[in-house]
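One structure is given below, encoded as C-alpha cells.
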Amino acid sequence: MSINLKRRFWAAGLILLFFVGWELFCVISGMSDLILPRPSQVLATLVQRFPVLWPHILQTLATTMLGFVLGVALGVVLGAIIGVSRTAYDTAYPLLIGFSSIPKVAVVPIFVLWFGSGTVPAVLTSLSICFFPIVVNIATGLATTEPEMEDVLKALGASKFDILWNVGLPRTMPFFFASLKVAITYAFVGTVLAETVASNRGIGNVMMTASSNFNVPLVFAGLFILAGLGVALYVAFSLIEMRVTGWATRKNDFAAA
Amino acid sequence: MKFAIVKGAPPEPASPTRAALAVELSQTSVTFGSGASAVPALSETTMRIPDGEFVALVGPSGCGKSTILRLVSGLVQPSTGAVIVGGREIAAKALRIGMAFQNPTMLPWLTIEQNVMLPLKIVEPFRSRFRQEKRGGFRDKVHGLLAQVGLSGFAGKYPWQLSGGMLQRANLCRALIHEPRMLLLDEPFGALDQFTREELWAILQELWLAHRPTVLLVTHDLREAGFLASRICVMSARPGRILDDSPVEFARPRSIAMTFEPDFVALNQRLRELIVDARSAQTAGSA
Ligand SMILES: Nc1ncnc2c1ncn2[C@@H]1O[C@H](COP(=O)(O)OP(=O)(O)O)[C@@H](O)[C@H]1O
Ligand SMILES: [Mg+2]
Numbered sequence: 052m053s054i055n056l057k058r059r060f061w062a063a064g065l066i067l068l069f070f071v072g073w074e075l076f077c078v079i080s081g082m083s084d085l086i087l088p089r090p091s092q093v094l095a096t097l098v099q100r101f102p103v104l105w106p107h108i109l110q111t112l113a114t115t116m117l118g119f120v121l122g123v124a125l126g127v128v129l130g131a132i133i134g135v136s137r138t139a140y141d142t143a144y145p146l147l148i149g150f151s152s153i154p155k156v157a158v159v160p161i162f163v164l165w166f167g168s169g170t171v172p173a174v175l176t177s178l179s180i181c182f183f184p185i186v187v188n189i190a191t192g193l194a195t196t197e198p199e200m201e202d203v204l205k206a207l208g209a210s211k212f213d214i215l216w217n218v219g220l221p222r223t224m225p226f227f228f229a230s231l232k233v234a235i236t237y238a239f240v241g242t243v244l245a246e247t248v249a250s251n252r253g254i255g256n257v258m259m260t261a262s263s264n265f266n267v268p269l270v271f272a273g274l275f276i277l278a279g280l281g282v283a284l285y286v287a288f289s290l291i292e293m294r295v296t297g298w299a300t301r302k303n304d305f306a307a308a
Numbered sequence: 068m069k070f071a072i073v074k075g076a077p078p079e080p081a082s083p084t085r086a087a088l089a090v091e092l093s094q095t096s097v098t099f100g101s102g103a104s105a106v107p108a109l110s111e112t113t114m115r116i117p118d119g120e121f122v123a124l125v126g127p128s129g130c131g132k133s134t135i136l137r138l139v140s141g142l143v144q145p146s147t148g149a150v151i152v153g154g155r156e157i158a159a160k161a162l163r164i165g166m167a168f169q170n171p172t173m174l175p176w177l178t179i180e181q182n183v184m185l186p187l188k189i190v191e192p193f194r195s196r197f198r199q200e201k202r203g204g205f206r207d208k209v210h211g212l213l214a215q216v217g218l219s220g221f222a223g224k225y226p227w228q229l230s231g232g233m234l235q236r237a238n239l240c241r242a243l244i245h246e247p248r249m250l251l252l253d254e255p256f257g258a259l260d261q262f263t264r265e266e267l268w269a270i271l272q273e274l275w276l277a278h279r280p281t282v283l284l285v286t287h288d289l290r291e292a293g294f295l296a297s298r299i300c301v302m303s304a305r306p307g308r309i310l311d312d313s314p315v316e317f318a319r320p321r322s323i324a325m326t327f328e329p330d331f332v333a334l335n336q337r338l339r340e341l342i343v344d345a346r347s348a349q350t351a352g353s354a
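Chains as they are written, first to last, in our numbering: chain A, 52 to 308; chain B, 68 to 354.
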C-alpha cells in the first residue's frame with residue numbers, strides 16, 4: 052500500500068471511529084436527545100427534512116460564493132497595490148490590520164442597520180472576512196522576488212511590468228491559491244454568522260429557528276450540512292490549487308516518493 | 068565609436084586605445100545612503116577594460132566588487148566620476164549585458180529550456196520575434212548552448228531535478244543566450260565543491276573562447292581567477308580601489324594541471340599577499 056493510500060485509510064478510519072464512539076456514548080450514557088442526539092438520529096432527520104432544507108443550502112452556498120468572489124476581487128486589487136508599491140504597503144498595512152482584527156460579529160449589526168436583514172448583510176459579512184487572507188498573500192507573493200533575479204532582469208533592460216509578468220505573478224500564484232482555500236472557509240463562516248443573526252433564510256437561520264424550538268436533531272443536522280459544505284468547498288479549492296500550482300509542491304512529492 | 072560621459076567626468080584627451088574599450092570607470096566612487104549613515108562602498112576608482120578581455124576582480128569581502136558589477140550593469144549610479152560602457156551612456160542600457168550570481172535563481176515553475184530562454188523574451192531584437200521563434204530558432208539556440216555546457220538531456224527538466232553544478236551551468240547559459248557583449252559574474256561558483264567548480268572553469272573558458280564576450284568575474288578563489296582571467300585586479304578593503312592590476316599570460320586553453328605549475332603558484336602567492344596586506348590595513352585602520 053502506498054503511503055498516500057495508507058494515510059487516507061487512517062483518516063477515514065478516524066472519522067468513522069469518531070461517529071461510532073459518539074453513537075455508543077449516547078446509547079450507553081442514556082443521554083437525552085435534547086442535549087446530544089445520536090448521529091444516526093441526526094442523519095435520519097437530515098434525510099427526512101432534506102426537501103425543506105435544500106433551498107436553504109442553496110441560499111447559504113450562493114451567499115457564500117457571492118461574498119467570496121467579491122472578497123477575492125477586492126483582495127486581489129488591494130494585495131496587488133500593496134505588493135507592488137512600497138509606499139502603499141507602509142501606509143495601508145496598519146489600517147488593514149486594524150480592520151481585520153475587528154470581530155466580524157460586531158459589524159453584522161451595522162450592515163443590518165444600513166441594508167436591512169437578509170442576503171445583503173450576509174454577503175458583506177462574508178466578503179469582509181474573506182478578503183484579508185487574499186490581500187496578505189498576494190502582497191507577500193509580489194513583494195518577495197529574489198533580489199538577484201531582479202538584478203539579472205533589470206540588467207537585461209526589463210521593465211517593471213516585464214518583471215511583474217514573468218516573475219512576480221507566477222511566483223504569487225501558489226500564495227494566491229493557498230489563500231483561496233482559507234478565504235472560501237472564511238466566507239462560509241461569515242455567511243452563516245450573518246444568517247444566524249439577521250436573516251430568515253439559509254442554514255444559519257434554520258439552526259437558529261430549530262434551536263429556539265428545541266428541535267435539537269435539526270440543529271445538529273444543520274451542523275452536519277455546514278461541515279459537509281465546508282469540507283467540499285475546501286477540497287474543491289485544494290484540487291484547483293494542485294492543478295494550477297503543482298510546481299510549488301512537486302519537490303515535496305518527489306522527496307516522499 | 069562615440070563615448071558619452073555619464074556624470075561630471077573630467078574631459079580627457081582622446082587616445083587611440085579608447086575605441087577598443089568595453090568598460091571604463093574614471094574616478095568613479097559610490098556612496099550608499101547619505102549624512103551620518105553614508106557608506107562609502109567604492110573610492111575613486113579608475114579601470115579600463117578592453118573589448119573581449121576576461122578580467123577577474125579579487126579583494127577582501129565588502130570592498131565593493133559587487134558594486135563595480137552593479138555600476139557596469141547600470142543597477143547603481145556613480146556618486147562621482149563616470150561609467151562608460153560600450154561607448155554609450157549606461158543609463159540607456161546600450162550594451163547587451165548578461166549577469167549571473169552565486170545563486171542560480173532558476174524560476175521553479177519553468178523548465179530549464181524556458182528558464183534559459185527568458186532573456187530572449189525581454190531583450191531586443193529577440194523580444195519582437197519571441198512568439199514566432201520560441202518553438203523554432205530560439206529553441207535550437209537554447210539546445211545548442213545547453214549542449215555546449217553538457218546539459219543536452221536536461222532541457223525539459225525542472226530546476227529541482229538538477230544538481231547545484233548543473234543549475235550553475237544553466238545559469239551561465241541564461242547569461243549568454245542573448246549574445247551579450249558583456250558578461251558579469253558575481254562569485255558564480257562560490258557555492259560549489261572543488262571538483263564541480265573546476266569542471267565549470269573549463270566550461271566557462273570554452274564558452275568564452277567560443278563567444279568572446281568581455282567578462283568581469285568577481286571571485287574569492289585566486290586559482291579560479293588565475294585559471295580563467297586574462298587580467299586580475301586586486302582591490303583594497305572598503306571603500307575599495309584598485310591596488311594591483313596584472314595580466315595573466317598563460318597560454319589557452321588552460322588546464323587544471325597548469326594551476327599547479329610553479330609560475331602559476333607564484334602568481335597566486337603574490338596576489339594572496341596583496342589581499343592579506345589589504346585586509347590587515349583595514350584592521351589597523353579601524354582599530
Ligand atoms: N544597497 C546598499 N546600501 C547600503 N550599503 C550597501 C549597499 N550595497 C552594498 N553596500 C555596502 O557597500 C560595501 C561594498 O559592497 P559590495 O560591493 O557588495 O562588496 P563585495 O566586494 O563583497 O561584493 C559593503 O560594505 C556593503 O555593506
Ligand atoms: Mg559581493
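All C-beta atoms, glycine included, are put in the ideal place defined by N, C-alpha and C. This structure is a prediction, so every number in the text was calculated from the model and none was measured.
Within 8 Å of any Cβ in chain B, is that where the Cβ of A:Asn188 sits? no
CA-CA distance, A:Ile214 and B:Leu252? 21 Å
Could you check whether the Cβ of B:Gly231 sits closer than 7 Å to any heavy atom belonging to ligand 3? Ligand 3 is absent from the structure shown, which contains only ligand 1 and ligand 2.
Check the Cβ of B:Met233 against every Cβ in chain A and list those closer than 7 Å, keeping chain order. Those do not exist, as B:Met233 stays about 16 Å from chain A at its closest Cβ, beyond 7 Å.
Going along the chain, which residues of its own chain have a beta-carbon closer than 8 Å to the beta-carbon of B:Leu212, five neighbours each way excluded? Val183, Cys240, Leu243, Ile244
Residues in the same chain with beta-carbon distance under 6 Å from A:Phe166, minus the five sequence neighbours each way, listed in chain order, please. Pro172
Since B:Pro314 is in the alpha helix (DSSP H), which residue starts that stretch and which ends it? It is not in any alpha helix (DSSP H) - B:Pro314 instead sits in the beta strand (DSSP E) that spans 309–314.
B:Ser133 classed as buried or exposed, judged by whether at least 16 other C-beta atoms fall within 10 angstroms: buried
Which whole-angstrom value is the C-beta distance of A:Ile235 and A:Phe119, which I expect to be below 8 Å? 6 Å
Taking C-beta pairs closer than 7 Å, name the residues in chain B that A:Arg199 reaches, listed in chain order. First, the amino acid is wrong: residue 199 of chain A is Glu here, not Arg. Those within 7 Å of A:Glu199 in chain B are Phe168, Asn170, Thr172.
Out of curiosity, what's the CA-to-CA distance linking B:Val209 and A:Gly281? 47 Å
When DSSP labels each residue in this structure, what does B:Ser219 get in the three-state scheme? helix
Tell me the DSSP secondary structure of A:Pro160 in three-state form. helix
Should B:Met173 be labelled buried (16 or more other beta-carbon atoms within 10 Å of its own) or exposed? buried
Own chain residues within Cβ distance below 6 Å of A:Arg59, not counting five before or after: none
Would you mind listing the alpha helix (DSSP H) stretches within the stretch 89–131 of chain A that are 4+ residues and don't spill past its ends, in chain order? 90–99
With a CB to CB cut of under 8 Å and the five nearest residues on each side skipped, what residues in its chain are close to A:Gly253? His107, Gln110, Thr111, Thr114, Ala173, Thr242, Val243, Glu246
Any alpha helix (DSSP H) of 4 or more consecutive residues that is wholly inside the stretch 124–151 of chain B: 132–139
Could you work out which residues of chain A lie near B:Pro186, taking near to mean beta carbons separated by less than 7 Å? Leu207
Helix, strand or coil for A:Gly208 per DSSP? coil
A:Asn303 - DSSP class collapsed to helix/strand/coil: With a pLDDT of only 48 at A:Asn303, under the threshold of 50, the placement of this residue in the model should not be trusted; the figure read from the coordinates follows. Helix at A:Asn303.
Cβ-Cβ distance between B:Leu218 and B:Met233 below 8 Å: yes
Cβ of A:Asn217 within 8 Å of any chain B Cβ: yes
Buried/exposed call for B:Ala123, threshold 16 Cβ in 10 Å: buried
Length at least 3, wholly inside the stretch 251–322 of chain B: the beta strand (DSSP E) runs in chain order: 281–285, 298–302, 309–314
Does any CB atom of chain A fall closer than 8 Å to the CB of B:Trp176? yes
Given that A:Pro102 touches chain B, what residues does it touch there, using C-beta distances under 8 Å? Neighbours of A:Pro102 on chain B: none; closest Cβ ~47 Å, over 8 Å.
Tell me whether A:Arg137, by its Cβ, gets closer than 7 Å to a heavy atom of ligand 1. no
To which residues does DSSP link B:Ile116 through a beta bridge? B:Val90
Can you give the beta carbon distance from A:Phe288 to A:Leu231, rounded, assuming they're within the 8 Å contact cut? 5 Å
What number of angstroms, rounded off, separates the C-alpha of A:Ile54 from the C-alpha of A:Gly192? 31 Å
For B:Ala159, which residues of its own chain have a beta-carbon under 7 Å away from its beta-carbon, when the five flanking residues on both sides are left out? For B:Ala159, the pLDDT reaches just 46, beneath the cut-off of 50, and the residue's location in the model is therefore unreliable, although a value from the coordinates is still provided. Counting only Cβ-Cβ distances below 7 Å, and skipping sequence neighbours, we find nothing.
Integer-rounded CB distance, given that B:Ala258 should sit under 8 Å from B:Leu310: Not confirmed; about 27 Å, so no contact.
Report yes or no: is there a C-beta of chain A within less than 8 Å of the C-beta of B:Leu142? yes
A:Ile189 and A:Gly134: beta carbons closer than 8 Å? yes
Would the beta-carbon of B:Met166 fall within 8 Å of that of B:Ser140? yes
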